[in-house]
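Residue numbers (this note's numbering): 111 to 339.
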């Protein structure tokens, strides 16, 4: 049961960590698109054509990925040392337990061969040296994690390009949504204008009929012959 619990807990933690990583990447992509659009609007260069605009945005996206706290490794696959570094930075407690438990077990195993020592003394030696080993490993893991947090985790050049493509896709969706909203607003304004024009036309016709009727009544009142007849 403990083994099953640890397996389930480890799998759930890995799944939650992956979900948080995907959410952070998506948020970064959206924020980068907005930042690039703002930078493009405030640029002092002359008006650029479509190709120059896309090239400029591509450079901004690539710069954003490089500045997002990652180390880009050339190629399509990370080396084993890169993977170990990323895993250590993402799971320091697991790495500490993986290194500390075998160290303490090895210290205890080394003391079992000393027949001249009592069992309580062996336990005391194991505790003292085990604590020293655990603290040393803990300091090493913490220091390495701080180093990775400062320099960023390792990603491949292919992953960086995938992020850039995702940003371009997000921008296309954003532009399409803005274009659709603009067309909807224009259609709504056209409907309002048509309704207004129709109301004005109906009002003019009604006013004209009322004016003609008023003129006819005035003429009848001023013409006694017509009134007598």
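Even glycine gets a Cβ: it sits at the ideal position worked out from N, Cα and C.
Simplified DSSP assignment, three categories, for residue i
i: residue 201; result: coil
Cβ shell of residue i (< 8 angstroms), same chain only, five flanking positions each side left out
i: residue 247; result: 206, 209, 210 and 213
i: residue 236; result: 214, 217, 218 and 221
i: residue 227; result: 221 and 235
Other residues of its chain near residue i: CB distance less than 7 angstroms, five sequence neighbours each side excluded
i: residue 264; result: 181, 183, 188, 192, 195 and 196
i: residue 256; result: none
i: residue 261; result: 181
Cβ distance (whole Å) where residue i is taken to contact residue j below 8 angstroms
i: residue 217; j: residue 243; result: 7 angstroms
i: residue 185; j: residue 267; result: 6 angstroms
Buried versus exposed, by CB contacts within 10 Å (16 or more), residue i
i: residue 198; result: buried
i: residue 222; result: exposed
i: residue 170; result: buried
i: residue 238; result: exposed
i: residue 273; result: buried
i: residue 258; result: buried
i: residue 251; result: buried
i: residue 240; result: buried
i: residue 281; result: buried
i: residue 154; result: Bear in mind that a pLDDT of 49 at residue 154, under 50, signals an unreliable position, so the number given afterwards is only what the model happens to contain. That one is exposed.
Contacting residues, own chain, Cβ-Cβ under 6 angstroms from residue i (five flanking each side not counted)
i: residue 270; result: 175 and 182
i: residue 232; result: 221
i: residue 202; result: 251 and 255
i: residue 279; result: none
Endpoints, the alpha helix (DSSP H) within which residue i is located
i: residue 259; result: 229-261
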